[in-house]
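Single-structure report; data block below.
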Amino acid sequence: MEGLFAVQAEDVLKGQLDHRRANLAERSALAAAEAVRTAIEAEVEGLDLERLDHARRQNRYEGDVAAVEARLAELDEKLYGGGITSPKEATSLQDEMGHLRRRQDDLEGQVLEIMELVEPIDARLAELATSADEQDRAVDAARGALAEAEAEIIGEMAESEGRRTEAVAGVPADDLARYERNLPAFGPSTVVGFSGSDCTGCPSSMPAVEADRVRRLPEGTLADCSECGRLVAR
Numbered sequence: 019m020e021g022l023f024a025v026q027a028e029d030v031l032k033g034q035l036d037h038r039r040a041n042l043a044e045r046s047a048l049a050a051a052e053a054v055r056t057a058i059e060a061e062v063e064g065l066d067l068e069r070l071d072h073a074r075r076q077n078r079y080e081g082d083v084a085a086v087e088a089r090l091a092e093l094d095e096k097l098y099g100g101g102i103t104s105p106k107e108a109t110s111l112q113d114e115m116g117h118l119r120r121r122q123d124d125l126e127g128q129v130l131e132i133m134e135l136v137e138p139i140d141a142r143l144a145e146l147a148t149s150a151d152e153q154d155r156a157v158d159a160a161r162g163a164l165a166e167a168e169a170e171i172i173g174e175m176a177e178s179e180g181r182r183t184e185a186v187a188g189v190p191a192d193d194l195a196r197y198e199r200n201l202p203a204f205g206p207s208t209v210v211g212f213s214g215s216d217c218t219g220c221p222s223s224m225p226a227v228e229a230d231r232v233r234r235l236p237e238g239t240l241a242d243c244s245e246c247g248r249l250v251a252r
């Protein structure tokens, strides 16, 4: 029975190693580092959209300013080019030019206002670019630490698998098949010992008749416990 107990021990160890691998502190550290990097990306994306909206508005206002300037130049040429003979027409042109200059001042004020809004956004984007570079390095370092920790566990798994293979070679095929059928239900206590009066896997005492039955089996026999269903190594 030593071979079967050895197989079970390696299966228990594999479960422990799987749990260790899934719950490595390095894995949590990597997830935390990646979460920070994702948050930076999300903030950058939001600021980029905000800046793009401001840029579109600024371009529109600057286009309007250019149109106003072109119209003012046209009116100025018309007013002072010698082609105006009517005082009424001259007054009308001057009124329109005054209106356009006020409009120009308003538009240029809008452009300046947008530039003031964009300035802190650009500053924050520059900060985030630096933070992103730093966080990329942190993510790389965390990923490397996780790979190193996993490699150690994978090495232990390979050694365990080798020992299990050796142990399996000494276990009768029927016993191994019975063990593997029961493994999902009983896990690390699929195969248990016999104390002489009790199955060591039972939460309660084995009935005397059942204990006597197991006790009479040849040593090295694998019995089924009628109480708990585990495999009892005689």
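In this note's numbering, the protein residues as written are 19 to 252.
Each residue gets a CB set at the ideal place from its N, CA and C atoms; glycine is no exception.
Secondary structure of residue i, DSSP reduced to three states
i, result
"residue 189", "coil"
"residue 216", "coil"
"residue 42", "coil"
"residue 247", "coil"
"residue 235", "coil"
"residue 101", "coil"
Among the options, nearest to residue i - alpha-carbon criterion
i, options, result
"residue 94", "114, 210, 166, 173", "114"
"residue 175", "36, 54, 143", "36"
"residue 122", "90, 20, 208, 186", "90"
"residue 75", "96, 63, 125", "125"
"residue 191", "60, 240, 99", "240"
"residue 83", "98, 246, 129", "129"
"residue 297", "21, 34, 139, 45", "Past the edges of the chain, shown from 19 to 252, lies residue 297, and the structure says nothing about it."
"residue 221", "146, 73, 248, 198", "248"
"residue 52", "243, 166, 205, 152", "152"
"residue 28", "207, 100, 77", "207"
"residue 55", "223, 157, 196, 197", "157"
"residue 193", "118, 170, 250", "250"
"residue 116", "189, 86, 47, 106", "86"
"residue 234", "244, 224, 214", "214"
"residue 211", "243, 97, 178", "243"
"residue 166", "96, 45, 80", "45"
"residue 203", "226, 189, 246", "246"
"residue 127", "79, 196, 148, 199", "79"
"residue 57", "92, 150, 108", "150"
"residue 50", "160, 180, 225", "160"
Rounded distance between the beta-carbons of residue j and residue i, thought under 8 Å
i, j, result
"residue 186", "residue 30", "So it is not a contact: roughly 15 Å between Cβ atoms."
"residue 209", "residue 22", "5 Å"
"residue 118", "residue 97", "No, residue 118 and residue 97 are not in contact; Cβ-Cβ is about 12 Å, not under 8 Å."
"residue 259", "residue 19", "Limits of the chain in this structure are 19 at one end and 252 at the other, which puts residue 259 out of reach."
"residue 178", "residue 32", "6 Å"
TODO: Answer yes if the segment 130 to 137 comes into contact with the segment 38 to 52, meaning at least three C-beta pairs across the two stretches below 8 Å, and no otherwise.
DONE: Touching, no.
TODO: Flag this pair as touching only if the segment 54 to 72 and the segment 210 to 219 have three or more C-beta atom pairs under 8 Å; answer yes or no.
DONE: No, because fewer than three Cβ pairs between the segment 54 to 72 and the segment 210 to 219 fall closer than 8 Å, the two stretches do not touch.
Open item on the list: Across the segment 226 to 241 and the segment 51 to 62, are there enough close Cβ pairs to call them in contact, namely three or more that are closer than 8 Å?
Closed with: Result no; under three Cβ-Cβ pairs closer than 8 Å.
Task: Ranges of the alpha helix (DSSP H) found wholly within the segment 79 to 144, counting only runs of at least 4 - done: Those alpha helix (DSSP H) runs which fall completely within the segment 79 to 144 and span 4+ residues do not exist here.
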